[in-house]
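All letters in the sequence shown, in the order written, are residues 3 to 468 by my numbering. We put the beta carbon where it would ideally sit given N, CA and C, even for glycine. What follows is one structure encoded as structure tokens, with my remarks underneath.
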Amino acid sequence: MVDYAQIKKDLEGIAVEDHPALVKQKSRDFYWYSPILKSQLDNVTADLVVSPVTEEEVIRTLKVAYAHGAPITPRGGGTGNYGQAMPLSGGIILNMANMNKVKQILPGRVIAETGVIISELDKQTKAHSGQELRFHPSTAQTATIGGFIAGGSGGVGSITWGGLRDLGNILRLRVITMEAEPRILDLTGWDLQKVSHAYGTNGIITEVEMPLAPAYDWVDVLVGYDDFMDAVRFADTLAHSNGLLVKEIAPIAAPAPFEYFTRHKPYLKEGQSVVVIMVAPHSMGPFEALVSRYKGDIRFRSDKVESMKGIPHAYELAWNHTTLRALKIDPSITYLQVQYPAPDHVERVRKTVETFPGELIGHLEFMRFDGSIQCSGLPMVRYTTAERLEEIIRIHEDLGCPIFNPHRYTLEEGGMKQTDVVQLAFKRETDPKGLLNPGKMIAWDNPDFDFKAGKNYLFQGLAAFM
Ligand code: FAD
């Protein structure tokens, strides 16, 4: 039995919360997007929330938790989708949101504490020197940079820069180990892969160094098409247009835009699919020429509306905000995460659209992947049963479209992160008692786990690179 009353005493001077309702509130993330995770995780809660404001406080907390054998689950903004930040074994939620200083802004990079909200980080780098993060999740207004690195994959800007899995998109992470005497590690190069998208299972990130790109006053544009596949073909052509600078390209099928994008509804046409796009101001002229050639219908542009008051950013219609907006109107909706590998991604999309009429509502995100343009999808699913969901996944895989399953809470079953001997050795070294976010890494809990049993992983294992 862990003595949490004693832990609280040992942490005197550090902010600790033990009110059950408040602790439960900080023990949730957006797991409820999945009806399956909702039924599995609804009762999960921690015992304490500890909110350090300095790295010294993080180290002290880890030391005390280690001595008492208390699990630690780090938390940023709590916007993860797969129960990533939920404490399966109870214990301590380590709330990193108060470590939120931007420390240094340099040409092409920024050094910041882990808990800074992403939009605030962008605001500061833009004001300082006209720079911004290369890409961010659509949750930029609420998610932390450390939570994005530990739990996310890519987002708005990935059309140019790829994702967190790509070398160079994270420069350095400062990580604290979970040992009797916690150590500070500065990770760079391939070593970053040990911690990125690892759900905080092998170290607590306290500081990040991220690359920056030139900032623009991006223009939000919604282009309508009567046929979803016309929208997809236009999106693909735009994504391949070398001279046009865009930050986001997301085709979204009817009826979603008109039914779910309530603030944009006055501008939209019922029955139309739209492509959600962010365009650099100096690219607007040539962009319009392309839209005209592809017979698109520009329904909305943020530089032409009288006021943007009450109208969300275009990126908050995309990525997993699309699903959120759908869920607000129709709670029976859930979603999948699909990859449509290049070069025949458009044809693969067409096949899946044809296979599930009325059951799946198309949503694609164009991005740069291993040097090529391809698309991923977050199709909305009209959920019926867990068995049918599994069947839909199987059919996608048979069509050559791998699924990153958002209805699983372990790293391996989610399919984005490959664990292997190197990853496991790193965890043994940095978390010998297995106290960091327990239950999220199958390879740790099951020594017979077959690393090769999985299929295609977004964040590849490290053994191949060492
Ligand atoms: P949290 O949810 O708090 O944590 C995420 C994971 O990181 C957890 O496992 C947690 O334990 C761990 N963690 C947090 N802080 C630390 C730390 N300091 N050290 C070690 N581990 C830590 N994801 C994308 O990649 N792209 C998107 O565009 C995107 N859009 C989304 C839209 C919506 C509406 C929602 C609900 C989710 C979306 N997500 C997206 C998922 C999620 O928002 C991102 O992963 C987000 O960046 C997580 O940040 P956070 O601060 O909320 O992290």
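Query raised in the report: What residue from Asp450, Met443, Arg410 has the CA that sits closest to Gln42's CA?
Result: Each of Asp450, Met443, Arg410 was checked against the Cα of Gln42, and the nearest Cα belongs to Arg410.
Report task. Could you tell me the distance, in whole angstroms, from the CA atom of Glu13 to the CA atom of Glu318? Result -> In the sequence as displayed, the identity of residue 13 is Leu instead of Glu. Cα to Cα, the separation comes out at about 39 Å.
Query raised in the report: Quick one: what does DSSP say Lys271 is sitting in, helix, strand or coil?
Result: Of the three classes helix, strand and coil, the one that applies to Lys271 here is coil, per DSSP.
Query raised in the report: Going straight from the alpha carbon of Thr339 to that of Pro408, what length do you get?
Result: Looking at the sequence shown, residue 339 is not Thr but Gln. The alpha-carbon atoms of Gln339 and Pro408 are separated by roughly 7 Å.
**Report entry** Paired residues, beta bridge with Ala215 - DSSP
**Finding:** Glu134
Query raised in the report: For Val293, which residues from the same chain have a beta carbon less than 8 Å from its beta carbon, with the 5 sequence-adjacent residues on both sides left out?
Result: Val225, Phe236, Ile300
Query raised in the report: Beta carbon of Ala145: closer than 7 Å to some heavy atom of the ligand FAD?
Result: yes
Query raised in the report: What residue from Val423, Phe371, Ala388, Glu399 has the CA that sits closest to Gly165's CA?
Result: Phe371
**Report entry** Those residues which DSSP pairs with Lys419 across a bridge
**Finding:** Here Lys419 is bridged, per DSSP, to Phe461.
Requested in this report: Mind listing, in chain order, the continuous beta strand (DSSP E) runs of no fewer than 3 residues lying wholly within the region 282 to 329?
Outcome: 299 to 303
Query - Whole-angstrom C-beta distance between Leu437 and Met180, which should lie under 8 Å - result: 5 Å
Query - Through-space distance from Met382 to Leu391, alpha-carbon basis - result: Going from the Cα of Leu391 to the Cα of Met382 covers about 12 Å.
Query raised in the report: Taking the C-alpha atoms as reference points, what is the distance between Leu270 and Leu329?
Result: 20 Å
**Report entry** Arg176, enclosing beta strand (DSSP E) - first and last residue
**Finding:** 174 to 178
Query - Tyr342 - DSSP class collapsed to helix/strand/coil - result: strand
Query raised in the report: With respect to 7 Å, is the separation between the Cβ of Ser140 and the closest non-hydrogen atom of the ligand FAD below this value?
Result: Ser140 has its Cβ nearer than 7 Å to a heavy atom of the ligand FAD.
Report task. Would you mind working out which of Leu401, Leu326, Asn322 sits nearest His347, comparing C-alpha positions? Result -> Leu401
Query raised in the report: Considering Tyr68, what are the terminal residues of the alpha helix (DSSP H) in which it resides?
Result: Tyr68: member of the alpha helix (DSSP H) spanning 57 to 70, first to last residue.
Report task. Using the Cα positions of Leu478 and Trp446, report the straight-line distance between them to the nearest angstrom. Result -> The structure shown does not extend to residue 478, since the chain is modelled only from 3 through 468, so no value can be given for it.
Requested in this report: Could you tell me the distance, in whole angstroms, from the CA atom of Ile95 to the CA atom of Ala241?
Outcome: 41 Å
Requested in this report: Kindly indicate the opening and closing residues of the alpha helix (DSSP H) around Glu181.
Outcome: It is not in any alpha helix (DSSP H) - Glu181 carries neither H nor E in the DSSP assignment.
**Report entry** For Ile120: DSSP bridge partner residues
**Finding:** None, per the DSSP bridge assignment.
Query raised in the report: How close, in whole Å, do the beta carbons of Lys10 and Val18 come, if the pair is a contact with beta carbons under 8 Å?
Result: 5 Å
Query raised in the report: To which residues of the same chain is Met88 closer than 8 Å at the C-beta, ignoring the five residues directly before and after it?
Result: Ser29, Arg30, Asp31, Tyr33, Leu43, Val46, Thr75, Tyr411
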